[in-house]
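These notes concern the structure reproduced below.
There are 2 protein chains.
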Amino acid sequence: MTFFPPGAVRFLLHGDEAVLGAALARTPAARPFCEVRHTDLVIAMDAKPAHAMRRGKGTSMWNAVECVRTGEAMAAVSAGNTGALMAISRLVLRMVADLDRPALVASWPTLRGHTAVLDVGANVVCDAERLVEFAIMGAAFHRAVRKSTRPTVGLLNIGTEIDKGHEEVRGADRLLRDNGFDLDYRGFVEGDDIARGTVDVVVTDGFTGNVALKTAEGLARFFRAELRTTLSSGMLSKLGALVASRSLKKMGERLDPSSINGGPFLGLNGIVVKSHGGADARGFATAIRLAADLARSDFAAEIERNLKLRTPAGGADEAGRSAA
Amino acid sequence: MTFFPPGAVRFLLHGDEAVLGAALARTPAARPFCEVRHTDLVIAMDAKPAHAMRRGKGTSMWNAVECVRTGEAMAAVSAGNTGALMAISRLVLRMVADLDRPALVASWPTLRGHTAVLDVGANVVCDAERLVEFAIMGAAFHRAVRKSTRPTVGLLNIGTEIDKGHEEVRGADRLLRDNGFDLDYRGFVEGDDIARGTVDVVVTDGFTGNVALKTAEGLARFFRAELRTTLSSGMLSKLGALVASRSLKKMGERLDPSSINGGPFLGLNGIVVKSHGGADARGFATAIRLAADLARSDFAAEIERNLKLRTPAGGADEAGRSAA
Chain A
0 MTFFPPGAVR
10 FLLHGDEAVL
20 GAALARTPAA
30 RPFCEVRHTD
40 LVIAMDAKPA
50 HAMRRGKGTS
60 MWNAVECVRT
70 GEAMAAVSAG
80 NTGALMAISR
90 LVLRMVADLD
100 RPALVASWPT
110 LRGHTAVLDV
120 GANVVCDAER
130 LVEFAIMGAA
140 FHRAVRKSTR
150 PTVGLLNIGT
160 EIDKGHEEVR
170 GADRLLRDNG
180 FDLDYRGFVE
190 GDDIARGTVD
200 VVVTDGFTGN
210 VALKTAEGLA
220 RFFRAELRTT
230 LSSGMLSKLG
240 ALVASRSLKK
250 MGERLDPSSI
260 NGGPFLGLNG
270 IVVKSHGGAD
280 ARGFATAIRL
290 AADLARSDFA
300 AEIERNLKLR
310 TPAGGADEAG
320 RSAA
Chain B
0 MTFFPPGAVR
10 FLLHGDEAVL
20 GAALARTPAA
30 RPFCEVRHTD
40 LVIAMDAKPA
50 HAMRRGKGTS
60 MWNAVECVRT
70 GEAMAAVSAG
80 NTGALMAISR
90 LVLRMVADLD
100 RPALVASWPT
110 LRGHTAVLDV
120 GANVVCDAER
130 LVEFAIMGAA
140 FHRAVRKSTR
150 PTVGLLNIGT
160 EIDKGHEEVR
170 GADRLLRDNG
180 FDLDYRGFVE
190 GDDIARGTVD
200 VVVTDGFTGN
210 VALKTAEGLA
220 RFFRAELRTT
230 LSSGMLSKLG
240 ALVASRSLKK
250 MGERLDPSSI
260 NGGPFLGLNG
270 IVVKSHGGAD
280 ARGFATAIRL
290 AADLARSDFA
300 AEIERNLKLR
310 TPAGGADEAG
320 RSAA
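For the record, the sequence lines run as chains A and B. All residue numbers in the first sequence are consecutive under numbering that gives the first Met the number 0, ending with 323. All residue numbers in the second sequence are consecutive under numbering that gives the first Met the number 0, ending with 323.
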């Protein structure tokens, strides 16, 4: 029997055992923590979610999620096809309470700590009612992961005045103000409030959130490239960079796009974390760390408890649909 | 008669002459280039666009736009109420050809130069046909301002596969592919393609574009704050910063959010540039410089010529509406 130090994470690696075995052979230190579950079936990156649901059984992605359902694994992490992962997770794990679809959440480093932004990709079109669900799930997530007792919540819009934006965000704003949720709701916030850390949780639809997240990742890369160019332009700059190299390296790591990698699907009966498809080893490790942190917390119970604070589904739903 | 060096810009300052006169008294160098046009009527920052249109006559904003119509001014610049400025500009200057509403465009510094992003705030809900108009206007703008002969155009989405995103972007993609525009259309791009400079023009709806722009501004401020903190943490860092100070200062200026300030309204019979409400003096100067550059170019003629390349309005419109 292998000894696992307290807090260690063990892995069930789903995929082709020839490939996974060869990788493990190159990293003997990882072997005691890893167990390969062979399958040579995979979900293609361009597979439709509906196809993945019908034909996905036995693929590496399906098997990973299935292990969460059976309790063999505490969480599943995948860098594969987002739509397929969501569809399989919904089918296998089912949604909590009366939620419709899971939300993807991203944790952003900010001037004040971390801000959770959701949805960042799963729900392209969102009505007011769904945005309210995101607010509840985001607050519960932040409470569980950041140990904050009463996270502040803002709704992403293009201005803070009450008449700004489209009908969906205005409808969600009304619901969040009127329906007596146990949330510290702060009203509308704008794009620059994310990095400012104005609120702990920023709620938006999956299209806007995805664009904002990827725009930020692109800008972070741009900034690092600029800094590199600046500090290698001429003798004095190079010397300065050399002298300050330790601090600069630390900052570079903090601003690394991979430091914000890893988005859990919120609202499932089980933990599934989506890693960015283009993540490197460090980025993927960040996603795994997040999954482990969530597995050790009780955020699922938090979400369920908060959803129960909603007014009876009929009332909220009606208001949500009419606003959408 | 005052002598103006070639290329100098002259200003008609619309507003309260007591306030403007006092400001000019403090900056005698600016006086020969400025003429005050008194009015004590203003458009409030929270005024509704409809109200501004009905009651705006004689306000500083209205007068500034009216001077563009009469030809007294070549361009108007305002940091005021965006919705009101757009409504007054549409009413006073009218739209080019069969365009519906103007688009706000932002110029982003990228790894490869500059990328024009539009719409960044004016049109919150956009159907496929409107996104196509943005593509045409953005390409014309880029051609005029950056002297590029054949700008590349991309449509902002949450993936590059043909079935990604909502119906509006998929519909616009079909129109841009099928309708034989004189555009170098490159298909879908994602948020990180903006800073990467993958294409010269990025097309999106006003809600998404506004959030992306403000997210980027917030992140740029965050980076600068991080860099400042890093380079003042400990003796070695401070020394390094001192040695490399000149390069770092130059980079700071380049990454200043105000360097991307100033968004022209595209599609009007005349030039109107909206400055960010929170812009400082440098940011406002950037907006003025952009207005002057546009006034010296022939981008309006470019847009008109390109719009004429569309298939007969009926056909394009039908396809656009059915896709939306």
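The C-beta atom is built at its ideal place from N, Cα and C for all residues, glycine as well.
- Mind checking which residues open and close the alpha helix (DSSP H) that includes B/Asp204? Counting along the chain, B/Asp204 falls outside any alpha helix (DSSP H), and DSSP gives it neither H nor E.
- Task: Under the assumption that B/Ala72 contacts B/Leu12 (Cβ atoms under 8 angstroms), give the Cβ distance between them as a whole number of angstroms.
- Result: Going by Cβ atoms, the distance from B/Ala72 to B/Leu12 rounds to 11 angstroms, so no, they are not a contact pair.
- Tell me the DSSP bridge mates of B/Asp183? B/Thr151
- Item | C-beta contact flag for A/Ser88 and A/Leu306 at 9 angstroms | no
- Message: Against chain B, which members of the segment 16 to 28 of chain A pass a CB distance test of less than 9 angstroms?
- Response: none
- Message: Which residues does DSSP list as the beta-bridge partners of B/Phe10?
- Response: B/Cys33
- Message: I want to see whether chain B comes within less than 9 angstroms of A/Ser246, judged by CB atoms only; does it?
- Response: Closer than 9 angstroms: yes.
- Measure the alpha-carbon distance for B/Asn19 versus B/Arg36 and round it to whole angstroms. For the sequence presented, residue 19 of chain B should be read as Leu rather than Asn. Distance between the alpha carbons of B/Leu19 and B/Arg36 is about 9 angstroms.
- Query: Got a sec? Which residues, its chain only, sit under 8 angstroms from A/Ala7 by beta carbon, not counting five neighbours each side?
  - Reply: Phe32
- Message: Residues in the same chain with beta-carbon distance under 6 angstroms from A/Ala138, minus the five sequence neighbours each way, listed in chain order, please.
- Response: Pro150, Val152, Leu182, Val200
- Message: For A/Ala83, tell me which candidate among A/Arg245, A/Val144, A/Val271, A/Glu128 has the shortest Cα-Cα distance.
- Response: A/Val271
- Query: For a contact meaning CB atoms closer than 7 angstroms, what does B/His275 contact in chain A?
  - Reply: Near B/His275 there are no residues of chain A at all, since even the closest Cβ is about 10 angstroms away, more than 7 angstroms.
- Message: For chain B, check one thing: does any of its Cβ atoms lie closer than 9 angstroms to the Cβ of A/Ser236?
- Response: yes
- Count the other C-beta atoms from every protein chain shown that fall within 10 angstroms of the C-beta of A/Thr214, then say buried if there are 16 or more, exposed otherwise. buried
- Message: What does the alpha-carbon distance come out to for the pair B/Met60 and B/Ile157?
- Response: 38 angstroms
- Item | Closer than 9 angstroms to chain A by CB, B/His165 | yes
- Task: Compute the Euclidean distance between the alpha carbons of A/Gly282 and B/Ile302, then round it to the nearest angstrom.
- Result: 44 angstroms
- Query: When the Cα atoms are used, what is the spatial distance from B/Glu16 to A/Gly261?
  - Reply: 56 angstroms
- Message: By the three-class DSSP mapping on this structure, what secondary structure does A/His113 have?
- Response: strand
- Rounded straight-line distance, which links the Cα of A/Leu117 to that of B/Lys237: 38 angstroms
- For A/Glu34, count neighbouring Cβ atoms within 10 angstroms of its own Cβ and tell me buried if that reaches 16, exposed if not. Around the CB of A/Glu34, fewer than 16 other CB atoms lie within 10 Å, so the residue is classed as exposed.
- Does the beta-carbon distance from B/Thr109 to A/Phe187 come in below 9 angstroms? Cβ atoms of B/Thr109 and A/Phe187: not closer than 9 angstroms.
- Environment of A/Val124 [buried if 16+ CB atoms lie within 10 Å]: A/Val124 comes out exposed.
- Query: When the Cα of A/Ile135 is compared with those of A/Ala105, A/Val202, A/Arg169, A/Val119, which residue comes out closest?
  - Reply: A/Val202
- Query: If the cut is a Cβ gap below 9 angstroms, which residues of chain B does A/Glu71 touch?
  - Reply: The premise fails here: A/Glu71 is roughly 32 angstroms from chain B at the closest Cβ pair, so nothing lies under 9 angstroms.
- Outcome for B/Gly14 when other beta-carbon atoms lying within 10 angstroms are tallied against a minimum of 16: buried
- Message: One question on the structure: do B/Leu387 and B/Leu247 come within less than 9 angstroms of each other, judged by their Cβ atoms?
- Response: Residue 387 of chain B is absent from the model: chain B starts at 0 and stops at 323.
- According to the neighbour-count rule (16 or more other Cβ atoms, all chains shown, within 10 Å of its Cβ), is B/Lys249 buried or exposed? exposed
- Neighbourhood of A/Arg9 by C-beta distance below 6 angstroms, restricted to the same chain and skipping five residues each side: The residues are Phe32.
- C-beta neighbour in chain A for B/Arg195, strict 9 angstroms: yes
- Below 8 angstroms on the Cβ atoms is my guess for A/Ala51 versus A/Ile42; work out the distance and round it to an integer in Å. 5 angstroms
- State yes or no: is the beta carbon of B/Lys307 nearer than 9 angstroms to at least one beta carbon in chain A? no
- Query: Exposed or buried, what is B/Gly179 when buried is set at 16 or more other beta-carbons lying within 10 Å of its beta-carbon?
  - Reply: exposed
- Task: Taking A/Lys237 as part of the alpha helix (DSSP H), name the residues at either end of that continuous run.
- Result: In the DSSP assignment, A/Lys237 falls within the alpha helix (DSSP H) that extends over 234 to 242.
- Query: Hey, A/Ile106 and A/Leu289: beta-carbon distance below 9 angstroms or not?
  - Reply: Strictly speaking, residue 106 of chain A in this sequence is Ser, with Ile absent from that position. The answer is yes: Cβ separation under 9 angstroms.
- Could you confirm whether any beta carbon from chain A is found closer than 9 angstroms to the beta carbon of B/Met250? yes
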